[in-house]
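Asker: Residue numbers (our numbering): 145 to 626. For every residue, glycine included, the Cβ atom is placed at its ideal position computed from N, Cα and C. Remember, predicted model here, so these are calculated numbers, not experimental data.
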Ligand code: PEP
Ligand code: CO
């Protein structure tokens with residue numbers, strides 16, 4: 145007789161003395177122990193929590209939070225479930241995840257051009273990756289809500305002046321000045337509104353013709369066109385256009401094919417600020433499941449992933465696809481417990497592990513973790529963030545990331561998964577569509593001295609458009625080899 149989970153007939157439960165039944169029940173009780181604990185959108189409150197702002201004016205905070213809780217959600221469960229299905233394919237090797245965007249979105253850099261440039265580069269990277277991997281690419285932005293930043297220090301000191309650290313525009317202001325650095329609850333409202341406007345525009349770009357593969361030739365921006373990457377992209381475009389001409393010669397109008405005319409694009413951010421996230425949790429009436437509706441996907445940062453902490457508690461009750469950063473301090477047993485807490489039913493597509501070790505550490509730490517996850521049969525998407533473990537200070541004091549270190553971590557990530565027999569299913573970048581000078585190296589050979597020319601990030605150094613596309617081509621080649 146086979147019993148499905150939770151469906152033991154009452155009479156057998158009463159016969160609990162039978163060893164076989166007892167065994168089933170113990171295993172099941174263990175499996176469901178986390179789920180069995182009641183979860184509510186606020187059940188994280190009261191647990192140890194890190195990286196949260198403290199507000200002086202609690203009444204103002206409460207009023208803003210109440211207001212946000214009554215606003216429309218930014219995304220809805222049916223879309224969130226679609227992303228989960230796409231990610232299930234990335235877990236089993238049938239798709240590839242591309243997640244990218246700003247380290248920190250800002251109020252100052254919010255405009256049409258920046259968004260359009262960003263989206264264009266995401267599309268270009270997608271095509272380069274699809275072309276190389278022959279697999280669908282699941283596009284997820286670090287955008288439309290990526291505002292709150294965990295910081296390594298609570299304060300910052302410049303020339304004997306010490307002020308609270310900048311924690312992202314959703315909390316305070318980057319200017320090094322006392323009032324600017326005060327936590328302002330009104331920023332929460334403004335961030336929510338900007339996220340909504342951003343998403344609205346990105347949805348229009350994804351569905352309204354801009355993303356049509358027919359327009360692919362128009363995606364090459366002026367500054368990329370003249371670069372080596374731009375030329376490469378143009379070559380690829382002409383191959384794709386030849387395919388279209390052939391298909392049209394067969395009598396099929398490619399404009400009629402929705403998949404070629406529109407793109408699926410999803411949004412994500414670090415679910416750091418739980419007071420904010422809680423206000424946008426909704427219960428799906430159809431299924432009774434709880435969803436964070438501030439984004440399709442949320443991730444837990446490397447600094448807030450402790451098992452007994454508030455973030456893990458909040459995330460475990462959501463039905464969204466979620467991710468967790470995995471840095472060099474992660475232990476094997478800890479990772480398995482974390483996976484089982486966040487994905488107790490071992491569903492593919494639910495959990496993405498974003499490895500962020502650093503080029504010098506990935507060979508030491510990742511193989512054992514990948515092996516253990518595989519041995520234990522846990523279904524996850526393994527993605528690589530080659531940014532956060534490779535941040536250094538350049539001689540002029542600016543934070544930077546050498547392009548070669550980023551590439552080296554990516555290459556090692558793919559090699560490690562190939563030798564462990566697990567699928568390297570995605571990449572996670574901090575990037576922008578603008579021609580910034582924040583990461584050194586790449587085909588443009590940005591030097592330490594060049595960094596100050598166009599250093600615009602509100603937090604960590606991002607790949608510029610050309611470097612992003614260059615990486616997409618290099619990865620695409622590496623994956624072709626596999
Ligand atoms: C981030 O992705 O912006 C971040 C802070 O990363 P991590 O948690 O991996 O340090
Ligand atoms: Co960052």
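(1) Tell me whether the beta-carbon of residue 609 lies closer than 7 Å to the beta-carbon of residue 224.
(2) With residue 503 as the anchor, note down where its beta strand (DSSP E) starts and where it stops.
(3) Using the beta-carbon of each residue, find all residues closer than 5 Å to any heavy atom of ligand 2 and list them in chain order.
(4) Does the beta-carbon of residue 395 have 16 or more other beta-carbons within 10 angstroms, so that it is buried, or is it exposed?
(5) Quick test of the definition: if touching needs 3 or more C-beta pairs under 8 Å, does the segment 530–540 touch the segment 590–605?
(6) Could you round the C-beta distance between residue 613 and residue 272 to whole angstroms and report it? I think they count as a contact, below 8 Å.
(7) Is any heavy atom in ligand 1 found nearer than 6 Å to the beta carbon of residue 532?
(8) Beta carbon of residue 501, beta carbon of residue 533: below 7 Å?
(9) Among 269, 415, 327, whose alpha-carbon lies nearest the alpha-carbon of residue 355?
(10) Give every residue of the same chain whose Cβ lies closer than 6 Å to the Cβ of residue 212, excluding the five residues on either side of it in the sequence, and list them in chain order.
(11) Tell me, please, which residues DSSP counts as bridged to residue 273.
(12) Tell me the DSSP secondary structure of residue 286 in three-state form.
(13) Would you kindly work out how many angstroms separate the C-alpha atoms of residue 499 and residue 439, rounded to a whole number?
(14) Quick check on DSSP: helix, strand or coil for residue 511?
(15) Find out if the Cβ-Cβ distance for the pair residue 282, residue 234 is shorter than 7 Å.
(16) Does DSSP put residue 627 in a helix, in a strand, or in coil?
(17) Kindly indicate which three-state DSSP category residue 387 falls into: helix, strand or coil?
(18) On the DSSP bridge assignment, give the partners of residue 537 in chain order.
(19) Going by CA-CA distance only, name the one from 250, 586, 497, 196 that's closest to residue 526.
(20) Once DSSP output is grouped into helix, strand and coil, what is the label at residue 575?
(21) By the three-class DSSP mapping on this structure, what secondary structure does residue 420 have?
(22) Could you tell me if the beta carbon of residue 703 falls within a distance shorter than 6 Å of some heavy atom in ligand 1?
(23) Hey, how far is the Cα of residue 591 from the Cα of residue 507?
(24) Decide if the segment 240–258 is in contact with the segment 562–579; the criterion is three or more beta carbon pairs, one per stretch, under 8 Å apart.
(25) Is the beta carbon of residue 469 within less than 6 Å of some heavy atom of ligand 1?
(26) Kindly indicate which three-state DSSP category residue 243 falls into: helix, strand or coil?
(27) From the DSSP output, read off the bridge partner residues of residue 497.
(28) Can you find at least 3 beta carbon pairs, one from the segment 508–522 and one from the segment 471–479, that sit closer than 8 Å?
(29) DSSP on residue 366, reduced to helix/strand/coil?
(30) What number of angstroms, rounded off, separates the C-alpha of residue 359 from the C-alpha of residue 388?
(31) Using 8 Å as the Cβ pair cut-off and three pairs as the minimum, do the segment 405–421 and the segment 276–294 touch?
(32) Can you give me the Cβ contacts of residue 229 inside the same chain, cut-off strictly under 7 Å, excluding the 5 residues immediately before and after it?
(33) Are there 16 or more other CB atoms within 10 angstroms of the CB of residue 616, so buried, or fewer, so exposed?
(34) At which residues does the beta strand (DSSP E) containing residue 299 begin and terminate?
(35) Residue 410 by DSSP, collapsed to three states: which one?
(36) Along the chain, where does the beta strand (DSSP E) that runs through residue 342 open and close?
Answerer: A quick look at the data gives this:
(1) As a working note, residue 609 is residue 465 in the chain shown. As a working note, residue 224 is residue 80 in the chain shown. Not a contact, by the Cβ cut-off of 7 Å.
(2) For this step, residue 503 is matched to residue 359 along the chain shown. Unbroken run through residue 503: none, as it is neither H nor E.
(3) Any residue whose Cβ sits closer than 5 Å to a heavy atom of ligand 2 makes the list: 247, 604.
(4) Working through the chain shown from its first residue, we reach residue 395 at position 251. Exposed.
(5) yes
(6) For the purposes of this step, residue 613 is taken as the residue at position 469 of the chain shown. For the purposes of this step, residue 272 is taken as the residue at position 128 of the chain shown. Indeed they touch by this definition, with Cβ atoms about 7 Å apart.
(7) Indexing the chain shown from 1 puts residue 532 at position 388. It does: the Cβ of residue 532 is within 6 Å (strictly closer) of some heavy atom of ligand 1.
(8) To locate residue 501, count along the chain shown from 1; it is residue 357. To locate residue 533, count along the chain shown from 1; it is residue 389. The answer is yes: Cβ separation under 7 Å.
(9) Taking the first residue of the chain shown as 1, we reach residue 355 at position 211. Closest option to residue 355, Cα to Cα, is 269.
(10) In the chain shown, counting from the first residue as 1, residue 212 sits at position 68. Answer for residue 212: 336, 423, listed in chain order.
(11) The sequence position of residue 273 within the chain shown is 129, counting from 1. In the DSSP output, where bridge partners are listed per residue, residue 273 has none listed.
(12) Residue numbering aside, residue 286 sits at position 142 when the chain shown is read from its first letter. Residue state, collapsed to three classes: strand.
(13) By 1-based counting over the chain shown, the position of residue 499 is 355. By 1-based counting over the chain shown, the position of residue 439 is 295. C-alpha separation (whole angstroms): 21 Å.
(14) For this step, residue 511 is matched to residue 367 along the chain shown. Residue state, collapsed to three classes: helix.
(15) Looking up residue 282 in the chain shown gives position 138. Looking up residue 234 in the chain shown gives position 90. Contact flag set, yes.
(16) Only positions 145 to 626 of the chain appear in this structure, which leaves residue 627 out of reach.
(17) By 1-based counting over the chain shown, the position of residue 387 is 243. DSSP places residue 387 in helix when its eight states are reduced to three.
(18) Residue 537 sits at position 393 when you count from the first residue of the chain shown. Looking at the DSSP assignment, residue 537 forms a beta bridge with 543.
(19) Here residue 526 is taken as the residue at index 382 of the chain shown, counted from 1. Checked all of 250, 586, 497, 196; the closest Cα to residue 526 is 497.
(20) Numbered from 1 along the chain shown, position 431 holds the residue referred to as residue 575. DSSP places residue 575 in strand when its eight states are reduced to three.
(21) Along the chain shown, one-based indexing puts residue 420 at 276. Correct three-state label for residue 420: helix.
(22) Here the chain comprises residues numbered 145 to 626, so residue 703 is not present and cannot be evaluated.
(23) For the purposes of this step, residue 591 is identified with residue 447 of the chain shown, where counting begins at 1. For the purposes of this step, residue 507 is identified with residue 363 of the chain shown, where counting begins at 1. One C-alpha to the other measures close to 27 Å.
(24) yes
(25) Looking up residue 469 in the chain shown gives position 325. Yes.
(26) Position 99 of the chain shown, counting from 1, holds the residue named residue 243. Here residue 243 sits in strand by DSSP.
(27) As a working mapping, residue 497 is identified with position 353 in the chain shown. Beta-bridge pairing links residue 497 to 468, 526.
(28) Counting Cβ pairs under 8 Å, three or more are found: they touch.
(29) Translated into the one-based positions of the chain shown, residue 366 becomes position 222. Helix at residue 366.
(30) The residue you call residue 359 lines up with position 215 of the chain shown. The residue you call residue 388 lines up with position 244 of the chain shown. C-alpha separation (whole angstroms): 12 Å.
(31) yes
(32) For the purposes of this step, residue 229 is taken as the residue at position 85 of the chain shown. Answer for residue 229: 493, listed in chain order.
(33) Your numbering for residue 616 matches position 472 in the chain shown. The residue in question, residue 616, is buried, as its Cβ has 16 or more Cβ neighbours within 10 Å.
(34) By one-based count along the chain shown, residue 299 stands at place 155. Unbroken beta strand (DSSP E) run through residue 299: 299–302.
(35) Stepping through the chain shown from its first residue, residue 410 is reached at position 266. It is a strand residue.
(36) By one-based count along the chain shown, residue 342 stands at place 198. Element bounds for residue 342: not the beta strand (DSSP E) but the alpha helix (DSSP H), 330–351.
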